[in-house]
Amino acid sequence: MKYLFVHQNFPAQFLHLLRDLRGQGGNEIIFISESGTSHMAGVRRVAYRLPPAPELAAPGPVAELARAMQRAAAVAQAARTLRDLGYVPDIIIGHHGWGEMLDLPDVYPGVPLLGYYEFFYHPTGLDVGFDPEFAPASDVAPLIRARNTLNLLALALPGWGHTPTRFQHATYPDWARPRLTLLPEGVDLQECAPDPQARLRPFTLGNVVVQPGEKLVTYVARDLEPYRGFHMFMRALPHILRARPDARVVLVGGDGVSYGAPAPGGQTWRQHMLAELGSVLDMRRVHFAGRVKYDDFRRLLQRSDAHVYLTYPFVASWSLREAMACGCAIVGSQTAPVEEFLQDGRTARLVPFLAPRRIAQGVVELLEDERFAARLRANVRAHAVKTLAMQDYMAGYHRLIGELTHGGSRLTNAA
Numbered sequence: 024m025k026y027l028f029v030h031q032n033f034p035a036q037f038l039h040l041l042r043d044l045r046g047q048g049g050n051e052i053i054f055i056s057e058s059g060t061s062h063m064a065g066v067r068r069v070a071y072r073l074p075p076a077p078e079l080a081a082p083g084p085v086a087e088l089a090r091a092m093q094r095a096a097a098v099a100q101a102a103r104t105l106r107d108l109g110y111v112p113d114i115i116i117g118h119h120g121w122g123e124m125l126d127l128p129d130v131y132p133g134v135p136l137l138g139y140y141e142f143f144y145h146p147t148g149l150d151v152g153f154d155p156e157f158a159p160a161s162d163v164a165p166l167i168r169a170r171n172t173l174n175l176l177a178l179a180l181p182g183w184g185h186t187p188t189r190f191q192h193a194t195y196p197d198w199a200r201p202r203l204t205l206l207p208e209g210v211d212l213q214e215c216a217p218d219p220q221a222r223l224r225p226f227t228l229g230n231v232v233v234q235p236g237e238k239l240v241t242y243v244a245r246d247l248e249p250y251r252g253f254h255m256f257m258r259a260l261p262h263i264l265r266a267r268p269d270a271r272v273v274l275v276g277g278d279g280v281s282y283g284a285p286a287p288g289g290q291t292w293r294q295h296m297l298a299e300l301g302s303v304l305d306m307r308r309v310h311f312a313g314r315v316k317y318d319d320f321r322r323l324l325q326r327s328d329a330h331v332y333l334t335y336p337f338v339a340s341w342s343l344r345e346a347m348a349c350g351c352a353i354v355g356s357q358t359a360p361v362e363e364f365l366q367d368g369r370t371a372r373l374v375p376f377l378a379p380r381r382i383a384q385g386v387v388e389l390l391e392d393e394r395f396a397a398r399l400r401a402n403v404r405a406h407a408v409k410t411l412a413m414q415d416y417m418a419g420y421h422r423l424i425g426e427l428t429h430g431g432s433r434l435t436n437a438a
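All you need for the working numbering is the position in the sequence shown, starting with 1, plus 23.
This is the structure in structure tokens:
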């Protein structure tokens, strides 16, 4: 088959599918993207370039929409070039979040379109207003509704959609859900697996060395920011460090902003929280690793004695799935995205997101009660094997692709 993938960054959420399609042999795969430095044998990349962003005296969502229209036009132009060279895909697969696929039905009318739907924004009840420390402005509701413009335009296109969790599926309007298949994402359970020997040897990450007798507390996010509970975890650290003088803490994540607002005063959130906590933290035992290579990330999870994962009611991170597969003893937030994956007392210790002392208590409990932690590790790994198997994820993807490329007559919503 001939595949056309679209995402501003290569390979994005489609890494595993690309590997699987390439491994099948006989498929022709082209990926239109704006950025991404990685390459994959058997996948031809076509880059598009954006003109400068328009300067608009308008609310933020209007500027986002204008930028999305530019992306749609740039991707459509790249697709026209491919079409004129004779390339007509059997299916187009991409992410609807940046508007890139909006004009593709004009270039390839009748070609099935499979879109990834990540999140439908709400002015109340989900991420907006969840954290009282960052109360939304009184006029935020119209802006939040406007932010769904790309979602609504995508839902008006021909084609089909999928989304990875029940939580994300439920964010979409009732009328849209029947067109969105629930397709749970998987993990490479061989690559992400427990290492029983990890705690028996020194662990090294950059300049950080954790000896076998020390306890290691880990925290991972793409960027260190409130949406992923960075501020709450930082406020939990003094309690953890006092209770466990043998504990070291490694935080992985960049200083950018993936979600939400930047820190005040032009600071990063790391600088902001370090300024708040002052000398309370023993920085000899708190290590900021920045962004790390995947193998180092995986080794960190395998060595972790207590792994903390917190999130607003928002999209769950891939790192949560990977921590489960690695058999981490997890302290997670009692928020809907986490509760879909984990059960308190069975596969994790779940605690209130907004309670740093409770987060600290959960961590200390896992460090002190080794039998309980071992039971959580075994249970969460077993749950990952049952629910996150990559072969099941790929089978679901291929089933959906097959239904679309055969006219869509057998499509049913699996949610």
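Cβ coordinates follow ideal geometry from the N, Cα and C atoms, glycine included.
How many whole angstroms separate the CB atoms of residue i and residue j, which I take to be in contact at a CB cut-off of 8 Å?
{"i": "ASP328", "j": "ALA352", "result": "7 Å"}
{"i": "ASP154", "j": "PRO249", "result": "6 Å"}
{"i": "ALA407", "j": "VAL275", "result": "Wrong, their Cβ atoms sit about 20 Å apart, outside the cutoff."}
{"i": "GLY355", "j": "ALA371", "result": "5 Å"}
{"i": "PRO84", "j": "ARG170", "result": "5 Å"}
{"i": "PRO379", "j": "MET255", "result": "5 Å"}
{"i": "LEU127", "j": "ALA96", "result": "Rounded, the Cβ-Cβ distance is 11 Å, inconsistent with contact."}
{"i": "ILE167", "j": "HIS192", "result": "Between HIS192 and ILE167 the Cβ distance is about 19 Å, and since that is not below 8 Å, they are no contact."}
{"i": "ALA216", "j": "ALA348", "result": "7 Å"}
{"i": "ARG381", "j": "VAL374", "result": "4 Å"}
{"i": "HIS185", "j": "LEU137", "result": "7 Å"}
{"i": "ALA259", "j": "ALA383", "result": "4 Å"}
Nearest-angstrom Cα distance between residue i and residue j?
{"i": "TYR140", "j": "ALA346", "result": "24 Å"}
{"i": "ARG326", "j": "THR204", "result": "36 Å"}
{"i": "LYS25", "j": "GLN294", "result": "48 Å"}
{"i": "SER432", "j": "LEU178", "result": "For SER432, the predicted structure reports a pLDDT of 49, less than 50, and the residue's modelled location is therefore unreliable. A value from the coordinates is still provided. When rounded, the distance between both Cα atoms is 19 Å."}
{"i": "LEU175", "j": "TYR195", "result": "10 Å"}
{"i": "LEU399", "j": "GLY385", "result": "13 Å"}
{"i": "TYR416", "j": "LEU343", "result": "16 Å"}
{"i": "GLU362", "j": "TYR282", "result": "21 Å"}
{"i": "ALA80", "j": "SER56", "result": "29 Å"}
{"i": "GLY120", "j": "LEU173", "result": "7 Å"}
{"i": "THR334", "j": "HIS118", "result": "22 Å"}
{"i": "ALA164", "j": "ASP150", "result": "13 Å"}
{"i": "GLN220", "j": "PRO285", "result": "40 Å"}
{"i": "GLY148", "j": "THR358", "result": "12 Å"}
{"i": "ARG404", "j": "ILE263", "result": "25 Å"}
{"i": "VAL240", "j": "HIS62", "result": "34 Å"}
{"i": "PRO225", "j": "HIS310", "result": "16 Å"}
{"i": "VAL273", "j": "TYR131", "result": "48 Å"}
{"i": "GLU426", "j": "LEU73", "result": "34 Å"}
{"i": "ARG94", "j": "ASP129", "result": "15 Å"}
{"i": "GLY288", "j": "GLU156", "result": "16 Å"}
{"i": "ARG68", "j": "THR227", "result": "36 Å"}
{"i": "ARG321", "j": "GLN100", "result": "39 Å"}
{"i": "LEU297", "j": "ASP319", "result": "25 Å"}
{"i": "PHE142", "j": "GLU299", "result": "32 Å"}
{"i": "ILE116", "j": "PHE54", "result": "9 Å"}
{"i": "TRP341", "j": "GLN414", "result": "17 Å"}
{"i": "ASP43", "j": "GLY301", "result": "49 Å"}
{"i": "SER161", "j": "PRO82", "result": "15 Å"}
{"i": "VAL231", "j": "ARG369", "result": "32 Å"}
Can you list, in chain order, the residues of its chain with a C-beta nearer than 7 Å to that of residue i? Leave out the 5 residues immediately preceding and following it.
{"i": "TYR420", "result": "LEU40, LEU206"}
{"i": "THR291", "result": "ASP278"}
{"i": "MET92", "result": "GLY122"}
{"i": "LEU390", "result": "LYS238, ARG267, ALA270, ASP328, ALA329"}
{"i": "ALA89", "result": "PRO77, LEU79"}
{"i": "THR412", "result": "The amino acid occupying residue 412 in the given sequence is Ala; Thr does not appear at that position. Around ALA412: GLY209, LEU212."}
Give the range of the beta strand (DSSP E) segment to which residue i is assigned.
{"i": "ASP312", "result": "It is worth fixing the name first, because residue 312 is Ala in this sequence and not Asp. From DSSP, the beta strand (DSSP E) with ALA312 extends over 309 to 313."}
{"i": "PRO246", "result": "The identity of residue 246 in the sequence shown is Asp, whereas the question assumes Pro. ASP246 -> beta strand (DSSP E) spans 238 to 246."}
{"i": "LEU373", "result": "372 to 374"}
{"i": "LEU377", "result": "First-last for LEU377: undefined, no H or E at that position."}
Under 8 Å Cβ to Cβ from residue i, same chain only, skipping five residues before and after it: list those, please.
{"i": "ALA64", "result": "ARG45"}
{"i": "THR428", "result": "MET24, ASP113, ILE114, PRO135"}
{"i": "ASN32", "result": "SER56, GLU57, SER58, GLY59"}
{"i": "ALA438", "result": "Legend: pLDDT at ALA438 = 45, less than 50; position of this residue unreliable, no value from coordinates given."}
{"i": "ALA86", "result": "ALA76, PRO77, LEU79"}
Considering just the uninterrupted stretch of the alpha helix (DSSP H) at residue i, what are its terminal residues?
{"i": "ALA397", "result": "393 to 410"}
{"i": "GLY419", "result": "413 to 428"}
{"i": "ALA359", "result": "359 to 362"}
{"i": "ALA259", "result": "253 to 266"}
Within its chain, find whatever has a CB closer than 6 Å to the CB of residue i; leave out the 5 residues flanking it on each side and keep chain order.
{"i": "PRO261", "result": "VAL303"}
{"i": "PRO34", "result": "LEU41"}
{"i": "PRO360", "result": "PHE190, THR334, ALA339"}
{"i": "PHE37", "result": "PHE28"}
{"i": "TYR242", "result": "PHE256, LEU274, VAL331"}
{"i": "LEU324", "result": "ALA346, CYS349, CYS351"}
{"i": "GLY152", "result": "PRO159"}
Checklist entry - Which runs of the beta strand (DSSP E) fall wholly inside the segment 126 to 167 and span at least 3 residues, in chain order? => result 136 to 139
Checklist entry - Residue ranges of each alpha helix (DSSP H) run of no fewer than 4 residues wholly in the segment 39 to 123, ordered along the chain? => result Within the segment 39 to 123, the complete alpha helix (DSSP H) runs of at least 4 residues are 83 to 107.
Checklist entry - Enumerated in chain order, which unbroken segments of the alpha helix (DSSP H) with a length of 4 residues or greater are wholly contained in the segment 173 to 228? => result 189 to 194
Checklist entry - Which residue spans inside the segment 281 to 307 form an unbroken alpha helix (DSSP H) run of at least 4? => result 292 to 300
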